[in-house]
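Asks: Before anything else, here's the structure in question.
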Amino acid sequence: MNVDIHTGVQTAFYLALVGVLLGLFLGIRTIVSGRKLMYFRLRREQIMRGWRMVGVGLAMGVVAVFLNQFAEPAAYLVFPPSPTPTLTPTITLTPTITLTPTISLTPTITDTPSVTNTPAIPPEIAAQFDAEVTPNPESVFSPPRFSREIDENNQAVEPVNEFANPITKLYGAFTYDKMVDGVQWTALWVRLSDAKILCVETKPWDGSTGGYGYTDCEPSSDQWTAGEYEVQIYVGMQWNNSGRFMVTGNPPAPTATRTATRTPTATRTPTGTPTPSPTRTVTPTFGPSPTLTITWTRTPTLTFTVTLTPTVTRTRPPTSTLWPTRTPRITDTRWPSPTP
1 MNVDIHTGVQ TAFYLALVGV LLGLFLGIRT IVSGRKLMYF RLRREQIMRG
51 WRMVGVGLAM GVVAVFLNQF AEPAAYLVFP PSPTPTLTPT ITLTPTITLT
101 PTISLTPTIT DTPSVTNTPA IPPEIAAQFD AEVTPNPESV FSPPRFSREI
151 DENNQAVEPV NEFANPITKL YGAFTYDKMV DGVQWTALWV RLSDAKILCV
201 ETKPWDGSTG GYGYTDCEPS SDQWTAGEYE VQIYVGMQWN NSGRFMVTGN
251 PPAPTATRTA TRTPTATRTP TGTPTPSPTR TVTPTFGPSP TLTITWTRTP
301 TLTFTVTLTP TVTRTRPPTS TLWPTRTPRI TDTRWPSPTP
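In this text, residue positions in the sequence shown follow UniProt numbering: the first is 1, and each later residue adds one.
What follows is the structure in structure tokens.
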């Protein structure tokens with residue numbers, strides 16, 4: 001039987017504890033029984049034997065403490081412990097799943113994504129900029145959410161990405177952050193089929209640095225043709241974000257509006273009035289026989305031509321022109337009487 005040092009020390013410790021208990025028990029029992037003896041000599045010997053047993057029990061207690069605290073280290077000083085072989089755990093093989101061969105898919109041709117151009121502001125719109133504040137490069141806008149109306153907090157009511165004609169006005173609601181007051185911002189509503197700009201909103205920013213905002217577009221109803229539309233948001237000249245939506249159905253046909261136009265009327269130009277006939281001037285002469293001399297004077301006449309002139313103003317009806325008056329007949333002048 002091979003017992004190591006640790007096991008032997010523990011065994012001796014427990015035996016010492018048994019000796020302590022047995023010595024105390026037997027010693028106390030002997031002392032109690034010795035006190036009952038009648039003869040003095042026998043009583044004293046019995047009591048002395050009991051105390052010796054108690055002393056042996058206490059001594060065994062000291063031995064037990066020594067064995068528990070110092071016996072094993074002291075034994076290792078005399079007999080150094082030799083390494084004992086330990087069992088190395090073996091690797092347990094885990095069953096692996098065997099892959100079942102599957103049918104390989106035939107590679108198909110995948111379209112290579114094309115390069116998407118970044119939207120840019122047209123020069124004719126950039127010429128309208130009047131802000132002088134430098135944009136914050138960290139300004140950010142969310143993609144617009146589209147609806148037919150917005151609430152009091154500038155948020156879209158029942159936003160969708162497809163609208164059916166007829167359409168009058170649409171809203172694009174968005175959130176923004178890190179905006180600078182006074183910086184130029186622009187929103188363009190573009191029809192992608194022909195790149196036509198339906199609405200333009202550009203002005204210096206007058207909102208807060210962050211929150212909710214919107215842009216709206218209300219062209220004539222016949223402009224909302226079926227197709228895809230895009231709303232582009234710019235801060236300064238830099239594109240920031242975009243959102244797209246679809247329009248289905250045919251737009252209502254434009255209604256003809258009757259406008260009153262005035263028809264040019266012919267105005268009657270007054271004709272030339274008859275020129276009075278030449279008058280005969282009498283020149284008196286002093287002499288024996290006064291003579292009557294008639295001098296014909298030709299007066300130039302102004303000739304008018306009748307032209308039809310269109311006018312957009314209402315012309316009063318022409319007034320009737322009075323007939324030329326008859327020139328009175330030349331009266332005879334009396335002959336001068338001779339002066340005495």
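Glycine included, C-beta positions come from ideal geometry on N, C-alpha and C. Predicted model only: the values in this text are computed from it and were never measured.
Buried or exposed, going by whether 16 or more other CB atoms sit within 10 Å of the CB of S23?
Replies: A small correction: the amino acid at residue 23 is Gly; Ser does not occupy that position in the sequence shown. Classification of G23: buried, given that the 10 Å Cβ count is 16 or more.
Asks: Please return the same chain residues whose Cβ sits closer than 7 Å to the Cβ of residue 342, not counting the five positions on each side in sequence.
Replies: Outside the shown range of the chain, which is 1 to 340, sits residue 342, and nothing can be said about it.
Asks: From this set, E228, Q128, P80 and R145, which residue's C-alpha is nearest G236's C-alpha?
Replies: The shortest C-alpha separation from G236 is found at Q128.
Asks: Kindly give me the distance between the Cβ atoms of K231 and A173, rounded to whole angstroms, as I take these residues to be in contact under 8 Å.
Replies: For the record, residue 231 in the displayed sequence is Val; it is not Lys. Going by Cβ atoms, the distance from V231 to A173 rounds to 11 Å, so no, they are not a contact pair.
Asks: Classify W51 as helix, strand or coil using the three-state DSSP reduction.
Replies: In this structure, W51 counts as helix in the three-state DSSP scheme.
Asks: Should M48 go down as buried or exposed, given a rule of 16 or more other Cβ atoms within 10 Å for buried?
Replies: Result: exposed.
Asks: Measure the Cβ-Cβ separation of A71 and V20 and say whether it is below 9 Å.
Replies: Contact flag unset, no.
Asks: Does the region 211 to 223 come into contact with the region 118 to 128, if we say contact requires no fewer than three beta-carbon pairs (one atom in each stretch) closer than 8 Å?
Replies: Segments in contact, no.
Asks: Just tell me which of Y212, T168, I5 and V62 has its CA closest to the CA of Y76.
Replies: Residue I5 is the option with its Cα nearest to Y76.
Asks: Quick one: what does DSSP say I150 is sitting in, helix, strand or coil?
Replies: Of the three classes helix, strand and coil, the one that applies to I150 here is strand, per DSSP.
Asks: Any idea what DSSP makes of residue 342, helix, strand or coil?
Replies: Because residue 342 is not part of the residues shown, which for the chain are 1 to 340, the question remains open.
Asks: Over the uninterrupted beta strand (DSSP E) stretch that includes residue 344, give me the two end residues.
Replies: Given a span of 1 to 340 for the chain in the structure shown, any question on residue 344 remains unanswerable.
Asks: If you drop the 5 nearest sequence neighbours on each side, which residues of the same chain put their C-beta closer than 8 Å to that of P159?
Replies: Around P159: R145, F146, S147 and A173.
Asks: Where N161 and T248 are concerned, what is the direct C-alpha to C-alpha distance, given to the nearest angstrom?
Replies: Taking the straight line joining both Cα atoms gives about 11 Å.
Asks: Given a threshold of 16 other Cβ atoms within 10 Å of its Cβ, counted over all protein chains shown, does I233 qualify as buried or as exposed?
Replies: Buried is the call here.
Asks: Given a cut-off of 9 Å, decide if F141 and T175 are closer than it, judged by their beta-carbon atoms.
Replies: Yes, the Cβ-Cβ distance between T175 and F141 is below 9 Å.
Asks: Can you tell me the Cα-Cα spacing of N154 and A253, whole angstroms?
Replies: Their backbone Cα atoms lie some 32 Å apart in a straight line.
Asks: Indicate whether F13 and A59 have their beta-carbon atoms separated by less than 9 Å.
Replies: No, the Cβ-Cβ distance between F13 and A59 is not below 9 Å.
Asks: Span of the alpha helix (DSSP H) holding P204?
Replies: Run containing P204: none in the alpha helix (DSSP H); it sits in the beta strand (DSSP E), K196 to P204.
Asks: Per DSSP, which one or two residues make a beta bridge with A187?
Replies: Per DSSP, E201 and I233.
Asks: Going by DSSP, what residue range makes up the alpha helix (DSSP H) through L22?
Replies: It spans I5 to G34 - the alpha helix (DSSP H) in which L22 sits, taken as one unbroken run.
Asks: How long is the line joining the alpha carbons of V133 and I167, rounded to whole angstroms?
Replies: Rounded to the nearest angstrom, the two C-alpha atoms are 37 Å apart.
Asks: Look up F79 in the DSSP assignment and say whether it is helix, strand or coil.
Replies: Three-state result, F79: coil.
Asks: Looking only at its own chain, which residues have a Cβ that is under 6 Å from the Cβ of T313, when we skip the five neighbours before and after it?
Replies: Residue placement at T313 is poorly supported in this model, since its pLDDT is 47, which falls under 50; the coordinates are not used for a value here.
Asks: I need the straight-line Cα distance from D216 to P135, nearest angstrom please.
Replies: Going from the Cα of D216 to the Cα of P135 covers about 23 Å.
Asks: Please classify L42: is it buried, with 16 or more other beta-carbons within 10 angstroms of its beta-carbon, or exposed?
Replies: Burial call: exposed.
Asks: How about G213 and D181: are their beta carbons less than 9 Å apart?
Replies: For G213 and D181, no; Cβs fall outside 9 Å.
Asks: Candidates G211, A195, V78 and E218: which alpha carbon is nearest E201's?
Replies: It is E218.
Asks: Run the CB neighbour count on T209, radius 10 Å, all protein chains shown included, and call it buried at 16 or more, exposed below.
Replies: T209 comes out exposed.
Asks: Would you tell me roughly how many angstroms separate the C-alpha atoms of R243 and W189, rounded to the nearest one?
Replies: Per the sequence shown, residue 243 should be read as Gly rather than Arg. Computed Cα separation, rounded: 10 Å.
Asks: Does DSSP put G57 in a helix, a strand or coil?
Replies: Looking at G57 - three-state DSSP - the assignment turns out to be helix.
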